[in-house]
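**Student:** Below is the structure I would like to discuss, written out as structure tokens.
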Amino acid sequence: MSMIEFHDVEKYYGKFHALHNINLTIEAGETVVLIGPSGSGKSTLIRTVNGLELINSGQLIVDGFDLADKKTDMNKIRKNVGMVFQHFNLYQNKTVLENIMIAPRIVLKRDETENKKVAMELLDRVGLADKAGSYPAQLSGGQSQRIAIARSLAMHPKCILFDEPTSALDPEMIDDVLNVMKDIARDSSMTMLVVTHEMGFAREVGDRVIFMADGRILEDDTKESFFDGQPTNERARQFLSKIIKH
Amino acid sequence: MISIITNHWQDLLYGLGQTLLCSILALFFSLIIGSFFAIFEVVPSKTLRIIARVYIEIFRNIPLLVITMFFYVVIPMFFVKVNGFTAGTIGLTIYTSAFIAETVRSGIQSVDPGQMEGSRANGMTFSQAMRYVVLPQAFRIVIPPLGNQFINLVKNSSVLAFVAGFDLMYQGNTIASTSFDTLNAYFVVGVLYLIITMPLSYYMRYLEKRLN
Ligand SMILES: Nc1ncnc2c1ncn2[C@@H]1O[C@H](COP(=O)(O)OP(=O)(O)OP(=O)(O)O)[C@@H](O)[C@H]1O
Ligand SMILES: [Mg+2]
């Protein structure tokens with residue numbers, strides 16, 4: 001079964017048509033990179049996947065749940081679909097350890113000893129075990145984002161959505177975060193949908209690259225044909241040459 | 247002034263007690279009721295938002311004395327008899343809760359929306375996100391204005407004097423009119439109010455410091 005399926009999805013903000021006729025299927029375990037100019041609808045698309053934005057028509061199936069159906073319990077989807085934001089959104093009133101432990105405790109009712117063990121292992125994995133007792137305000141951007149990723153992983157999701165996870169970071173911190181993300185991508189069972197302009201990441205661990213503009217998907221290629229072949233779409237080609245120059 | 251205290255210390259002490267009791271009850275209940283209406287104002291449900299808006303606008307914009315009189319005079323005409331203390335405490339609770347609701351709502355809305363989004367994306371329900379993430383941050387922000395509300399509440403408890411609630415103000419009025427020593431009677435009463443409000447004000451400031 002596919003992890004995410006968009007069928008003829010349309011999305012409006014009031015009168016503004018944000019997503020046009022989106023058709024997209026992402027298989028379990030795939031790492032898909034979503035690129036496109038500012039305002040093209042990347043955030044909107046990724047946010048529909050866990051119901052932070054609702055679609056107006058079409059069909060959107062995530063982890064077997066139909067998101068267009070009002071009866072669908074979004075919380076059930078969100079248990080299995082994590083999200084990492086550009087600005088981290090760590091809980092400011094909780095320590096790093098609590099940031100990671102709280103959702104498994106109150107949402108999954110995970111046993112406290114087990115919960116702590118999982119959290120400490122994850123802190124270790126992202127290289128921040130010494131920050132367990134710190135508060136988010138005491139962390140750098142790169143550290144915050146790695147904690148945010150650990151917080152997502154603690155729910156043992158099937159899929160994680162990343163919305164420009166490195167674009168608010170100082171350049172020297174970007175690699176620390178990308179390395180953690182690459183590490184996750186190598187886990188073959190995890191599905192990842194990543195909005196990023198880090199083409200190194202896409203080349204290294206991406207399976208597919210999707211190019212969006214003006215609320216439409218203009219290009220949906222395997223990594224190989226996107227980078228080595230050249231995108232067929234003219235705008236995608238121009239966009240790619242622009243971001244690769246940097 | 248000494249004679250006011252020596253002659254009337256029992257009345258004054260009783261008044262102080264009534265004022266304190268009324269203030270504590272009203273503070274406790276208005277904080278709870280106010281917080282609920284503050285949350286209603288930000289929930290997804292439109293009906294709840296409208297209910298909260300109506301409640302707050304009505305009770306924020308009616309004089310406290312009118313609300314109190316409603317419970318003291320109108321309710322007994324149709325339902326049960328309500329004594330002055332109860333009427334005053336209920337009036338004060340409702341009146342203050344409207345202001346507290348406004349204060350807490352502004353606190354909730356000044357918490358970064360990313361906190362709610364992060365919580366929801368992490369699998370929490372709206373109420374879990376409120377309880378564990380948003381409200382603790384909101385209350386921290388609104389401690390100073392909340393402290394002002396609490397001090398106003400203590401002072402506003404003098405509404406009891408109008409409905410024979412035997413509070414400090416009521417005792418002050420009685421002592422002033424029987425002893426004819428108006429100046430000293432109200433002076434003593436003023437000092438007794440300070441004895442309640444000053445520690446409250448210091449405590450709120452301490453709380454503010456400690457949480458920052
Ligand atoms: N809540 C909203 N209400 C109204 N319009 C919105 C809202 N969110 C986004 N939009 C509009 O929808 C369009 C797509 O926005 P979106 O944030 O999805 O773009 P994006 O591709 O993520 O851009 P960026 O690279 O700048 O993050 C933009 O024109 C934006 O102004
Ligand atoms: Mg965006």
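Protein chains in written order, with the working numbering: chain W, 1 to 246; chain V, 247 to 458. Beta carbons: idealized from backbone N, C-alpha and C, even for Gly.
(1) Work out the CA separation of K11/W and R299/V for me, nearest whole Å.
(2) How about A103/W and M155/W: do their beta carbons lie closer than 8 Å?
(3) Got a sec? Which residues, its chain only, sit under 7 Å from R235/W by beta carbon, not counting five neighbours each side?
(4) Using 8 Å as the cut-off, can you tell me whether the segment 412 to 421 of chain V makes contact with the segment 257 to 264 of chain V, which would need three or more C-beta pairs spanning the two stretches below that distance?
(5) Measuring CB atoms only, is the segment 299 to 308 of chain V touching the segment 353 to 372 of chain V, in the sense that at least three cross pairs come out at less than 8 Å?
(6) If we count Cβ pairs, one from each stretch, closer than 8 Å, do we get three or more for the segment 183 to 203 of chain W versus the segment 28 to 42 of chain W?
(7) Let me check you understand the geometry: is the CB of T44/W closer than 7 Å to at least one non-hydrogen atom of ligand 1?
(8) When we look at the beta-carbon of F16/W and count the other beta-carbons within 10 Å, is it buried (16 or more) or exposed?
(9) Return no unless some Cβ of chain V is closer than 8 Å to the Cβ of L52/W.
(10) I need the straight-line Cα distance from V49/W to I4/W, nearest angstrom please.
(11) Under DSSP, the beta strand (DSSP E) around F325/V begins and ends at which residues?
(12) For I217/W, which beta-bridge partners are listed by DSSP?
(13) Using a Cβ cut-off of 8 Å (strictly closer), state whether H156/W contacts chain A.
(14) Here's the rule: buried if 16 or more other CB atoms are within 10 angstroms of the residue's CB, otherwise exposed. What is L240/W?
(15) Determine the chain W residues that contact E363/V at a beta-carbon separation under 8 Å, and present them in chain order.
(16) Just checking D214/W against ligand 2 - is the residue's beta carbon closer than 7 Å to any of the ligand's heavy atoms?
(17) Would you call P136/W buried or exposed, if buried means 16 or more other Cβ atoms sit within 10 Å of its Cβ?
(18) When DSSP builds the beta bridges, which residues end up paired with S2/W?
(19) Would you mind telling me which residues of chain W sit closer than 9 Å to M370/V, beta carbon to beta carbon, in chain order?
(20) My assumption, with CB atoms under 8 Å, is that Q383/V sits in contact with V357/V. Please give the rounded CB distance.
(21) If Q86/W and H7/W are in contact, beta carbons under 8 Å, what's the gap, nearest whole angstrom?
(22) With a threshold of 8 Å between beta carbons, is R151/W in contact with chain V?
(23) Check the Cβ-Cβ distances between P390/V and every residue of chain W, and say whether any is below 8 Å.
(24) Could you tell me if the beta carbon of D163/W falls within a distance shorter than 7 Å of some heavy atom in ligand 2?
(25) Assuming V96/W contacts I147/W under a Cβ cut-off of 8 Å, what Cβ separation, rounded to an integer in Å, is found between them?
(26) Where A431/V and S447/V are concerned, what is the direct C-alpha to C-alpha distance, given to the nearest angstrom?
(27) The segment 132 to 147 of chain W: which residues have C-beta closer than 8 Å to a C-beta of chain V, in chain order?
(28) Kindly examine ligand 3 and report whether one of its heavy atoms sits closer than 7 Å to the Cβ of G360/V.
(29) Just to confirm the assignment: which complete alpha helix (DSSP H) runs, minimum length 4, are found wholly within the segment 17 to 79 of chain W?
(30) Buried or exposed, going by whether 16 or more other CB atoms sit within 10 Å of the CB of N80/W?
(31) For I389/V, tell me which candidate among G364/V, A407/V, I346/V, P359/V has the shortest Cα-Cα distance.
(32) What is the residue span of the alpha helix (DSSP H) that F282/V lies within?
(33) By the three-class DSSP mapping on this structure, what secondary structure does K11/W have?
(34) Less than 7 Å separating the Cβ of G41/W from some heavy atom of ligand 1?
**Tutor:** Well, looking at it:
(1) 31 Å
(2) yes
(3) A213, L218
(4) yes
(5) no
(6) yes
(7) yes
(8) exposed
(9) yes
(10) 8 Å
(11) It is not in any beta strand (DSSP E) - F325/V carries neither H nor E in the DSSP assignment.
(12) M212/W
(13) Absent from the structure is chain A; the protein chains it does hold are W and V.
(14) buried
(15) L52, F85, N89
(16) no
(17) buried
(18) E27/W
(19) N75, R78, I102, A103, I106, V107
(20) 5 Å
(21) About 28 Å separates the two Cβ atoms, so there is no contact after all.
(22) yes
(23) no
(24) yes
(25) 5 Å
(26) 24 Å
(27) none
(28) The ligand content of the structure shown is limited to ligand 1 and ligand 2, which means ligand 3 is not among them.
(29) 42 to 49
(30) buried
(31) I346/V
(32) 248 to 286
(33) strand
(34) yes
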